[in-house]
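In my numbering, the protein residues as written are -9 to 216.
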Ligand code: CA
């Protein structure tokens, strides 16, 4: 059974969220005190940590840093009332896998939870599939709605990063580093150009609202899961 650790000290948020998670079939443990969250999350018994940024005893960023320092293998979804881009980047930097700003819609949060859990339980053969886009790493093949699409090397790598982290924002810097091997030398124009080629090839050229690959201005890109 999938186990979720919910670190949230605000009862008005924790209670309904815990109920919603239980309804989805997850086992839920609620913890409020920062240092206790670190201990529980590091013991390996949970699959996902939903982490409020403002916790008594130790804030969420520090909780996250300590978990990553200890090498804890748990997916972390950060919750915060602050919606600054800066906090967003700092959160990802501290080792969070994704981020949801308060107030959030329950449906959106649950979609992010599912995406994170799906990502941490990738199938054996490494095949990744999100909403009609299927990527087969062994064959280095991409199919969209069952039809093979020929992608150039960088386009394939770009899609792989996004589908690997479906439902989450992938920072531009991360993409530059992982696909091109450097952040500085090539202008980010290269990235935008390849992104537009990729979108054209996978048929993702609708209006911004319809696009499967969403642009998070100045931050990065997100492959939407639903
Ligand atoms: Ca709080």
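Yeah, the Cβ is synthetic: ideal placement off N, Cα and C, and Gly gets one too. Just so you know, these numbers come straight off a predicted model, no measurement behind them.
Three-state class that DSSP yields for residue 65 in the structure shown: When DSSP states are grouped into helix, strand and coil, residue 65 belongs to the strand group.
Whether residue -3 touches residue 42 by CB criterion (8 Å): Result yes, Cβ atoms of residue -3 and residue 42 sit closer than 8 Å.
According to DSSP, residues forming a beta bridge with residue 52: Looking at the DSSP assignment, residue 52 forms no beta bridge with any residue, so it has no partner.
Pairwise C-alpha distance: residue 23 and residue 146: Residue 146 and residue 23: Cα-Cα distance of roughly 43 Å.
Buried versus exposed call for residue 114 [16 or more other C-beta atoms within 10 Å across all chains shown]: Caution is warranted here: a pLDDT of 47 is assigned to residue 114, below 50, making its placement in the model unreliable, and the coordinate value is therefore given only provisionally. Exposed is the call here.
Residue -1 beta carbon near ligand 1 (any heavy atom closer than 7 Å): With a cutoff of 7 Å, residue -1 counts as near ligand 1, since its C-beta is closer than that to a heavy atom of the ligand.
Complete runs of the beta strand (DSSP E) confined to the stretch 122 to 181 [at least 3 residues]: Whole beta strand (DSSP E) segments, 3+ residues: 123 to 126, 131 to 134, 137 to 139 and 159 to 161.
Backbone CA spacing between residue 100 and residue 138 [nearest angstrom]: Their backbone Cα atoms lie some 31 Å apart in a straight line.
Buried versus exposed call for residue 221 [16 or more other C-beta atoms within 10 Å across all chains shown]: Residue 221 is absent from the structure shown; the chain starts at -9 and stops at 216.
Sub-8 Å separation of residue 141 and residue 179 beta-carbons: Result no, Cβ atoms of residue 141 and residue 179 do not sit closer than 8 Å.
Residue 42 beta carbon near ligand 1 (any heavy atom closer than 7 Å): At least one heavy atom of ligand 1 is nearer than 7 Å to the Cβ of residue 42, so yes.
Buried or exposed (CB count within 10 angstroms, at least 16 for buried), residue 195: Under this definition residue 195 is an exposed residue.
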